[in-house]
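Protein chains in written order, with UniProt numbering: chain A, 1 to 399; chain B, 1 to 705.
We put the beta carbon where it would ideally sit given N, CA and C, even for glycine.
Here's the structure, in structure tokens; my notes come after.
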Amino acid sequence: MNISLGKYIKGDRVIWMVLLFLSMASILIVYSATGRLAYREAGGQTAHYMIRQAIFILLGFGVMAFLVNVIPVKFYSWIAPLLLMITIFALLAAIVQYKLTPSKPTPRSLDLGFLSFQPAELAKISLVMFVAKILARHQKSKDELKKAFVWIMGSSAVVCGLIFYGDISTSALIFGSIMVLMYIGRIPLRYLLLTMLAGLMLLAAIYFTADYLPSWAGRVHTFKERIDDFVYGDDDADEGTTQADYAKLAIYEGGFLGKKPGGSEVSNYMEAAYNDFIYAIIIEEYGIWGGFSVVFLFMVFLYRGVVIVRRSTRTYPAFLTAGLVLLPTFQAIINMSVSVGVAPVTGQPLPWISMGGTSMLFSAVSFGVILSVSHHNQKNKEVTEQPVMVNLPDEDQEL
Amino acid sequence: MEIRKDITFRFGIIYFLAILMGVIILVKIFMIQTVDTGKWEQIAKELKTNTTELQAKRGNVCADDGSILATSVPYYELRLDLAAPRVKRVFDEHADEFSLQVAELFNISKSQFKQKLTKAYRDGNRWFLVYPQKVNYNQLQQFKRLGMMKRGYFGSGLIVVGESERVMPHGDMASRTIGTLNKGAYGGIHGNVGYSGIEGIMESYLAGENGLALKRNYSGHWVDIPIVEPKDGKDVVTTINVNLQDFTQNALMRQMLESQAEWGTAVVMEVKTGEIKAIANLGRRKDGAYAETYNFALGHAGCSEPGSTFKLMSMMVAMEHGYVDTSDVFDTGVGKWEYRGQTIYDSDYGHGGHGKISMKKIFELSSNVGVAKIITKYYEGKERDFIDRIYNFGLNKPLGLGFAGEGVPYIKYPGDQVWWGPSLAWISYGYEIKLTPLQTLTFYNAIANNGRMVKPKFVKEVQENGLLVKEFKTEVINPAICSRETLAKARLLLEGVCAQGTGKSLNNPYFPIAGKTGTAQVAYQNEGYTKGGRKNYQASFAGYFPADDPKYSVIVVIVGPKGKFYGGSVAGPVFKEVVGKVYASFLEPRNEMDEELIKVPEVKTAFRNDIAEAVDELDLDINTKAADGELIQVKATDEKIEVAGLNVQEGSVPNVIGMGGSDALFLLEKSGLKVKMNGLGKVRKQSVPAGNKVKKGQTIYLELS
């Protein structure tokens, strides 16, 4: 059994291990943190959400195994433009759907009838694929890089702009990750700094004009509120205790070694314990060691990304891996920062740990692609020490 | 190769920045756990010490037979948090359907409800009152089961405020004496402290002790973990007889309506024990209708000049001092006498007067002139002797019943600033002093009780789960208010009044009665003795029966009658009716032979278990398992005993005919009806027929006999 399964476990073994540990953490902590939700919406069956999470994790591993075994890396480069078009279309469709159906609470998700998903999750993958492709093609000269910058800025602006309408923080996360990816992709720092400056000015402008913008302007009001809450403290909190306060209480209560698995009490008082503040519940149950372990796992994950990039023989897989590793890592850092209170409250779940549905599958696709690249690298190494010259001059640069 | 190194290097920089962030996060965790932890300790402590009171169930106030006069029934207030996230999510889509379901449940206008709901939603109301009235347990369950509450997420905003309400199943009956609760600062949720009446004096027994619970949150559910269990209040068994109370109140009501009086009271007291069997008080409500508005029988507003009923006390003092005897003759003239600048009239002045008559006759005819002449003759210059003896009767002190607002008597003393020339004469026939009707009755009761003055008793005993906890003995105020001789003469005087005096019309051929009429001219409240030239009278009658072996004493006081105003003609009829009823209910000899022959006692329709228990206890031959159903009915015919099951169908009015009052009350309240009872015994009639669909909150009237 083990051996037969092992056959499909290809690519970076360390990443597989990291994901396995994260999965275990996820199942345990989702079980602890969803008590309140389970009572409210699943008739008190506390295992309901744990089982659901376990199923999505298993499905996710299936997706990874499929990608690493079946899909060649070249395919992602080929499909990237099409996928980006689909993403933009899905984002637009979600907004239109939101405008047309008054009962739809948010423009973040697209309801297709048989399933609903967040197009932003798709955007994370497709944009990285597309940007990696552009970067890979334009490494030869400064002029080319400049051209790449324009292309990337254009496509990111469209995608992030559409996401911005319903979800400012995800938009910022994606855009920031693309900026870092461009830095890694050797785009001149000057451009990036200017862009960052422009972006900050835009956010500042929104912050200061939020009160004057009409309500159709999306989430700008929430954005300002969250910033204000972070800077001045939440003034309309429930009984004077905010979610963020409860999160800190959970961290305080956790102490050095934590209470025990399933011993979380604070999660019962929290609205989004299974999601945005899950890191605090991890610390409550497993102490600062639990908190350290999660940070450590994500750092190992990022480190393996660096290793894969270093071993890559071609630019496209390198940029693709860098982008796909950076996004969940940054997201994790933001989530943890929010939980411990070094960043304003945003609704970013902790990748692969927070309770999720279809988003788990999108994460699985990212991980699958990363594993594919590492598997591809290993294969190249096994076959011959010399890099195989693949004759695809237009696709990407040989490293 | 240059490119690869460059890329790796750049990625490396990002990697170290990420590690830096990770370190910052860990440092922050460490800081939260070690620096400035007071705030978190505080919150944690609050969460752990968040306690709540567990309300003890208040005991019942019961009639002398255990039937319920006042009980606590749980009621709920339905509120919605319209700013709850899940409610927000579905509001636009489902508000209409939700409104429809709520409107159907409570039988209210859907459009109006939706309008209110929508407005409250827009205002972000987190405390929206769904239905203006409080609902009972049944309605609460139905509300929770509404489709939109369960599936439509509106349920996530539900806030139920539980509260118990004091219910008097017999309505207005003796309600002032039963008493009221203080609502407290938060509309009853934290109040419910007995205040007036029996609820007030028995507060320590009725209240019980509230418990204490920790509020803990388990998986999103608030759970109260009891630390101290609440102790439920005990039941108080009063002396009030529902049957007699009902009758007395009705008799008084009829007279009130006929005479259109200001207020009236009628009290029935058991001679030996001082037990108050019935106490009716009727005053005008704001809308003009008569109701138990105030406890005139014993409250300060009912404390007024007693008038002629006080002549008994005056004559007893004079007899006790040996100054007069019943046969001594005094001249009442034409019924008009000038005394120290004041003219005293007899009530029948203008009809020629009675001339020289005996003291007994003076008393029987209630001659003011006669009484005043007697008292002034012997006590002028010795006023203190007279008043001291009155004080000796205990009439200058309140009865000390403990009721809130109990009237304090007032009898002036010679030498007081307000004591003036003719005071002695006025006092002799019941003016310039104040007594509550209950005090006068207590005195008359003492005469009936061979001079032994007992304190009026309202509470017989305290029970806990039907077991006796405390019994209240009859308290003696004065074991002998006067000598045997004086007592015998006083009773003779009172019998004379009813035999040939002003109370003659109250006589009946079956048993002798004794008593005294009273017709006093009383002041309008704060407006002097006349208003618009019209005199205001107080008609009263105090007495006891049977005169030869007194069992019950009764007082009736009616103030401000229009038309007839004599005690005998206004208060008298009420007295007569009540006396007749009491005699029929308690004193008429019974034919005990008939009861001996009945082998199976009459069995009220009741719960199977209760009957089974009783059958076991009494060792009767009834098979309670002979029929199905939660409730069973036992019918005994000449040949056999039948047991029939009665099933209560959800949503339809149960058949309670033949059931005891408390069982019927329980069953009907459970199905969502409001119950009003009249009478005592088994249910004979129910105003809503069995099998009808239950309309929530509808009132059902029961007639018991």
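8 Å CB neighbourhood of GLN538/B in its chain, flanking five on each side removed: SER304, GLU305, GLY307, GLY518, THR519, ALA520, GLN521, VAL522, VAL557, ILE558, VAL559, GLY560
Sorted by chain position, which residues of the same chain lie with C-beta nearer than 7 Å to TYR379/B's C-beta, five sequence neighbours on each side aside? Excluding residues up to 5 positions away in sequence, ASP385, PHE386, LEU424 lie with their Cβ nearer than 7 Å to the Cβ of TYR379/B in the same chain.
What are the residues of the region 340-374 of chain A that lie near chain B, defined by any Cβ-Cβ distance shorter than 8 Å? VAL340, GLY341, VAL342
Chain A contact residues for PHE11/B, given Cβ-Cβ distances below 7 Å: ILE184, VAL306, VAL309, ALA322
Taking 7 Å as the CB-CB limit, is GLY22/B close to chain A? yes
If you count every other CB in all the chains shown that lies within 10 Å of the CB of LYS7/A, and 16 or more means buried, which is it? exposed
Quick check on TYR339/B: does DSSP put it in helix, strand or coil? strand
Rounded to whole angstroms, how far is the Cβ of residue 414/A from the Cβ of LYS28/B, which I believe are closer than 8 Å? Given that chain A is displayed from residue 1 to residue 399, the structure contains no residue 414/A and the question cannot be resolved.
Pull up the distance between the alpha-carbon of LYS682/B and that of LEU702/B, whole angstroms please. 10 Å
In the DSSP assignment, find the unbroken beta strand (DSSP E) run with ASP235/B in it and report its ends. 235-238
Alpha carbon to alpha carbon, how far is MET453/B from PRO437/B? The alpha-carbon atoms of MET453/B and PRO437/B are separated by roughly 15 Å.
Hey, does ALA213/B have any beta-carbon neighbour from chain A nearer than 7 Å? no
Nonlocal neighbours in the same chain, by C-beta distance under 6 Å from ARG304/A, ignoring five residues either side: ASP12, VAL14, ILE15
Between which two residues does the beta strand (DSSP E) containing residue 744/B stretch? Residue 744/B lies beyond the residue range present for chain B, which begins at 1 and ends at 705; the question has no answer from this structure.
Under a three-way DSSP split, which group does VAL683/B fall into? strand
Suppose you measure from the CA of ALA289/B to the CA of MET253/B; what does that come to, to the nearest Å? 10 Å
Hey, is LEU193/A's beta-carbon within less than 7 Å of any beta-carbon in chain B? no
Under 6 Å: does the beta carbon of TRP426/B sit that close to some heavy atom of the ligand HEM? Although the ligand HEM was asked about, the structure shown includes no ligands whatsoever.
Using beta carbons (cut-off 7 Å, strictly below), is ALA614/B in contact with chain A? With its beta carbon at least 7 Å from every one in chain A, ALA614/B lies outside the interface.
How should VAL137/A be labelled, buried or exposed, when 16 other C-beta atoms within 10 angstroms of its C-beta is the threshold for buried? First, the residue type needs correcting, since residue 137/A is Arg and not Val in the sequence shown. Classification for ARG137/A: buried.
DSSP three-state label for TRP263/B, please. It is a strand residue.
DSSP beta-bridge partners of MET453/B: ASN478/B, per the DSSP bridge assignment.
is_contact[ALA237/A, chain B] using C-beta, thresh 7 Å: Residue confidence is low: ALA237/A scores 43 on pLDDT, short of 50, so the model does not pin down where it sits. Its coordinate-derived value is still stated next. With respect to chain B, the C-beta atom of ALA237/A has no partner C-beta closer than 7 Å.
Quick one, which residues of the region 277-300 of chain A are near chain B if we go by CB-CB under 7 Å, in chain order? ILE283, ILE288, GLY291, PHE292, VAL295, MET299
GLY290/A to LEU19/A, Cα distance in whole Å? 16 Å
Where ASP64/B meets chain A, residues with beta-carbon distance less than 9 Å: Chain A residues near ASP64/B: none, gap ~49 Å exceeds 9 Å.
I need the straight-line Cα distance from PHE301/A to PHE367/A, nearest angstrom please. Approximately 10 Å, taken between the alpha carbons.
Does the structure place the region 401-415 of chain B close enough to the region 363-371 of chain B that three or more beta carbon pairs sit under 8 Å? no
Tell me the DSSP secondary structure of PHE128/B in three-state form. Strand at PHE128/B.
Can a CB atom of chain B be found closer than 7 Å to the CB of TYR31/A? Cβ-Cβ to chain B under 7 Å: no for TYR31/A.
For MET336/A, return the contacting residues in chain B, with the cut-off set at a CB-CB distance below 7 Å. Under the 7 Å cutoff, chain B gives ILE25.
With 7 Å set as the bound, which would you pick, yes or no: does the beta-carbon of LYS28/B sit closer than that to a beta-carbon of chain A? yes
For TYR279/A versus SER77/A, is the C-beta spacing smaller than 7 Å? No, these two residues do not count as a Cβ contact at 7 Å.
Taking CB distances under 7 Å as the criterion, tell me whether TRP127/B reaches chain A. no
Cβ closer than 7 Å: which chain B residues qualify as neighbours of THR329/A? ALA18
When burial is assigned at 16 or more other CB atoms within 10 Å of the CB, is TYR76/B buried or exposed? buried
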